Amino acid sequence: MQQLQDLHPALRADLEKKGADIERTLQLLSILEHNKGDSSSSDSEKHRLPNPDNSQITDFHRSFYSIPLSKVEELLTRHGLAGPVERWGTRQGNLLTMSKQQLRLLGIYLYPFTAYGVLNGGSATTYGDSKKNRELAPLLYDHFQSYFDSYGPIIKDSPKGITPAFLQADGSAGPSFILLKMRSLLIHALEYRILTGDKERPLLPFFQMTSHSTTTKLEETYKEYRADPLLTELIQRTGTDPTCSLGACQGLLAAITHSSEGLPRRIFDRAYGRPHEGLALPGGHGENFRVLAPVYQALYDQGIRYVYLGNVDNSGYTIDPVELAYFALSDATGAFEFSLKTPIDVKGGVLVETTTGRLSVLDIGQGISREELTLQEQQGKPVLFNCAIGLFKLDYLLPRLSSIADQLPLHVSDQDKEAGRYAQIEQSTWEVLGLLEHPLIIQVKKEERFLAAKMFMETLLASPVSAHLMKTEGIPDNLRHTARLLQQGLQQLLRTEYGFFLKNSIPFWEPYSVQELEQALQQTLVKNA
999 MQQLQDLHPA
1009 LRADLEKKGA
1019 DIERTLQLLS
1029 ILEHNKGDSS
1039 SSDSEKHRLP
1049 NPDNSQITDF
1059 HRSFYSIPLS
1069 KVEELLTRHG
1079 LAGPVERWGT
1089 RQGNLLTMSK
1099 QQLRLLGIYL
1109 YPFTAYGVLN
1119 GGSATTYGDS
1129 KKNRELAPLL
1139 YDHFQSYFDS
1149 YGPIIKDSPK
1159 GITPAFLQAD
1169 GSAGPSFILL
1179 KMRSLLIHAL
1189 EYRILTGDKE
1199 RPLLPFFQMT
1209 SHSTTTKLEE
1219 TYKEYRADPL
1229 LTELIQRTGT
1239 DPTCSLGACQ
1249 GLLAAITHSS
1259 EGLPRRIFDR
1269 AYGRPHEGLA
1279 LPGGHGENFR
1289 VLAPVYQALY
1299 DQGIRYVYLG
1309 NVDNSGYTID
1319 PVELAYFALS
1329 DATGAFEFSL
1339 KTPIDVKGGV
1349 LVETTTGRLS
1359 VLDIGQGISR
1369 EELTLQEQQG
1379 KPVLFNCAIG
1389 LFKLDYLLPR
1399 LSSIADQLPL
1409 HVSDQDKEAG
1419 RYAQIEQSTW
1429 EVLGLLEHPL
1439 IIQVKKEERF
1449 LAAKMFMETL
1459 LASPVSAHLM
1469 KTEGIPDNLR
1479 HTARLLQQGL
1489 QQLLRTEYGF
1499 FLKNSIPFWE
1509 PYSVQELEQA
1519 LQQTLVKNA
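Going by my numbering, the sequence shown opens with residue 999, and the numbers climb by one from there.
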């Protein structure tokens, strides 16, 4: 096994200069050597798509939920929520039947114990790449050519989180992914203030994992966001400021040797053909369980017990108080959202089941082949696609962060590029599902919770600017249907989560004032009381 002292001093100096975490890379090499292969041992397990009637999968569109009475009483006591248990539902023997409205109210009361986090380390280089977007849908690319020409240079190399989440009908840029998420968080905080009358208690802290390529730009942008009309008055009204975020910066890993050099792998030391020169590469957002460990501890010390975690590029990733309450009342240690796979869901993971019945998630192409997936789809099995939204209980997560970081599957991919033939080690956050006891799988509607934008093409499809596609000849029906769902989903999110309305007859989205938001929230709370 390669040790730190085995590295040439010039290589160590080069990797340190480039920001590579040499010690962590050597730890991962040790894990790979222990597994006697190029990936974690879990990759060798046999997987299949789970049956639709799997008891671990919850379809989250029921009107009523039966919860053990003891669970409700325990939760209320734990969080100091006074009053009779019947306030939250109808007692039926040892069960409490709760409506969605009652779960929603309970979830809002849990906001002081909940944090909202984003994986915010990605740049928009691949996201805006013309070639890759064209490969996704060549016919659609021709329709959107002018927008790629206009926005490509603007979003290139920017942190994806600060690029436009949608384009208005006239082609102008809407707010960024992060700006919308911060506004949604503040609207939820406002709802808590109105419901409870509590004006002081801290709630819904925002946290993130950034990277060396995004940290500085994000910090600069957040200072601007603090004065943005979408946030300023809400910050003042709620006493919550998501622009002052907790966070940690994800370091880089050293590239390792190509498979052609055999096993055991070593740290790559011939970049560009020059001796004792290495490469520093991203290690995947699965590193959050190690990188964010101090943040999770700090949140716990502040009284936080539940943490949301999701990708910055998913406009459907917002706090769901119904889901939060249901999860808090369950025995689950983590909750994960999945939706039925659509034609544009080509980059990401799908829900799988091992022969022992354990659920996990595998990336398409990396963990499960596209051919195998297509074959199972042809056999009539529905494919559940990972929405990249997780909810965790810190009481369970904190003592296991170190073991999760080492047990999370490692994926090694060979590269043959200008810098030479080398390999990259990566981990995926969502494969933690396979490590948790009692994970809760929540099946949701894509148009409500998963408006992800791995490519700029997907942002355009969901945007008002693409409404004309519904009337364009030659567009395949499946793409037309997907685009319609995405557009409807974004419109609903803008109205209900982000506090926007359509201005006049011109389809242009404008934000509600704080006063208008307060009136709407008060009416909703009275209606659901």
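Heads up, the beta-carbon is just placed ideally off N, CA and C, and yes, glycines get one too. Just so it is clear, the structure is predicted and the values come from calculations on it, not from any experiment.
Checklist entry - What is the DSSP secondary structure of ILE1029, counted as helix, strand or coil? => result helix
Item to check | Start-end ranges of the beta strand (DSSP E) lying completely within the stretch 1114 to 1167, minimum 3 residues | outcome: none
Checklist entry - How is the beta strand (DSSP E) around MET1096 delimited, first residue to last? => result 1093 to 1097
Checklist entry - By DSSP, does PHE1552 sit in helix, in strand, or in coil? => result Here the chain comprises residues numbered 999 to 1527, so residue 1552 is not present and cannot be evaluated.
Next on the checklist: Considering only the alpha carbon of each residue, which of ASP1318, GLY1388, GLU1335, LEU1101 lies closest to ARG1085?
Outcome noted: Measuring from the Cα of ARG1085, the nearest candidate turns out to be LEU1101.
Next on the checklist: Please identify the residue among LYS1154, PHE1142, TYR1114, ALA1403 whose C-alpha is closest to the C-alpha of ASP1127.
Outcome noted: LYS1154
Item to check | Residue span of the beta strand (DSSP E) that contains THR1372, given as start and end | outcome: Note, THR1372: premise wrong, no beta strand (DSSP E); alpha helix (DSSP H) at 1368 to 1376.
Item to check | Spatial neighbours of ASP1239 in its chain, beta-carbon cut-off 8 Å, leaving aside the 5 residues before and after | outcome: ARG1224, ILE1233
Next on the checklist: Can you tell me whether HIS1409 is helix, strand or coil according to DSSP?
Outcome noted: strand
Item to check | C-alpha distance - GLN1001 paired with LEU1279, whole-angstrom precision | outcome: 20 Å
Next on the checklist: Can you give me the C-alpha to C-alpha distance between PHE1266 and ALA1421, rounded to a whole angstrom?
Outcome noted: Across the structure, PHE1266 and ALA1421 are spaced so that their CA atoms are roughly 8 Å apart.
Checklist entry - Buried or exposed: where does ALA1080 fall if 16 or more other Cβ atoms within 10 Å of its Cβ makes it buried? => result By the Cβ neighbour-count rule, ALA1080 is exposed, with fewer than 16 other Cβ atoms within 10 Å of its own.
Checklist entry - Is ALA1018 closer than 9 Å to LEU1251 when the C-beta atoms are compared? => result yes
Checklist entry - What separation, rounded to the nearest whole angstrom, lies between the Cα atoms of THR1340 and PHE1454? => result 17 Å
Next on the checklist: In whole angstroms, give me the CA-to-CA distance for GLY1347 and SER1097.
Outcome noted: C-alpha separation (whole angstroms): 32 Å.
Checklist entry - Around the Cβ of PHE1062, are there at least 16 other Cβ atoms within 10 angstroms (buried) or fewer (exposed)? => result Residue environment analysis places PHE1062 among the exposed positions, since fewer than 16 neighbouring C-beta atoms fall within 10 angstroms of its C-beta.
Checklist entry - Which whole runs of the alpha helix (DSSP H) in the stretch 1057 to 1089 are 4 residues long or more, in chain order? => result 1067 to 1076
Checklist entry - Sorted by chain position, which residues of the same chain lie with C-beta nearer than 7 Å to ALA1330's C-beta, five sequence neighbours on each side aside? => result HIS1436, PRO1437, LEU1438
Item to check | Reduced DSSP secondary structure (H/G/I, E/B, other) of TYR1496 | outcome: coil
Item to check | Cβ pair PRO1110, ASN1092 closer than 9 Å | outcome: no
Item to check | Cβ distance (whole Å) where GLY1159 is taken to contact ASN1131 below 8 Å | outcome: No, GLY1159 and ASN1131 are not in contact; Cβ-Cβ is about 19 Å, not under 8 Å.
Checklist entry - How far does the alpha helix (DSSP H) with MET1207 in it reach, from first residue to last? => result Note, MET1207: premise wrong, no alpha helix (DSSP H); beta strand (DSSP E) at 1204 to 1209.
Checklist entry - Between LYS1379 and the rest of its own chain, which residues show a CB-CB distance below 6 Å, the 5 nearest in sequence each way excluded? => result Here LYS1379 has LEU1047 as same chain residues with Cβ atoms under 6 Å from its own Cβ, once five neighbours each way along the sequence are excluded.
Item to check | Exposure label - LYS1129; buried when at least 16 CB within 10 Å | outcome: exposed
Checklist entry - From LEU1357, LEU1371, GLU1416, pick the residue whose C-alpha is nearest to that of GLY1363; which is it? => result Closest option to GLY1363, Cα to Cα, is LEU1371.
Next on the checklist: With H, G and I counted as helix, E and B as strand and the rest as coil, what does DSSP make of PHE960?
Outcome noted: In the structure as shown, the chain starts at 999 and stops at 1527, and residue 960 therefore has no counterpart that could be examined.
Checklist entry - According to DSSP, is ASN1502 helix, strand or coil? => result coil
Checklist entry - At a cut of 8 Å, does the stretch 1467 to 1483 reach the stretch 1295 to 1314 through at least three beta carbon pairs? => result no
Next on the checklist: Taking 6 Å as the limit between beta carbons, can you name the residues of its chain near LEU1523, skipping five residues before and five after?
Outcome noted: So the qualifying residues of the chain are LEU1193.
Next on the checklist: Whole angstroms are fine: how far does the CA of THR1457 sit from the CA of THR1124?
Outcome noted: 14 Å
Next on the checklist: Can you tell me which residues form a DSSP beta bridge with ASN1384?
Outcome noted: PHE1336
Checklist entry - Between ASN1526 and the rest of its own chain, which residues show a CB-CB distance below 7 Å, the 5 nearest in sequence each way excluded? => result GLN1099, ARG1102, LEU1103
Checklist entry - If you run the structure through DSSP and keep just helix, strand and coil, what is SER1174? => result If DSSP states are grouped into helix, strand and coil, SER1174 belongs with the strands.
Checklist entry - Is ASP1414 helix, strand or coil when you go by DSSP? => result Strand, per DSSP.
Next on the checklist: Our contact map puts VAL1410 next to ILE1402 with C-beta atoms below 8 Å; I'd like the distance itself, whole angstroms only.
Outcome noted: So it is not a contact: roughly 19 Å between Cβ atoms.
Next on the checklist: Taking the straight line between their C-alpha atoms, what separation do you get for GLN1521 and GLY1497?
Outcome noted: 15 Å
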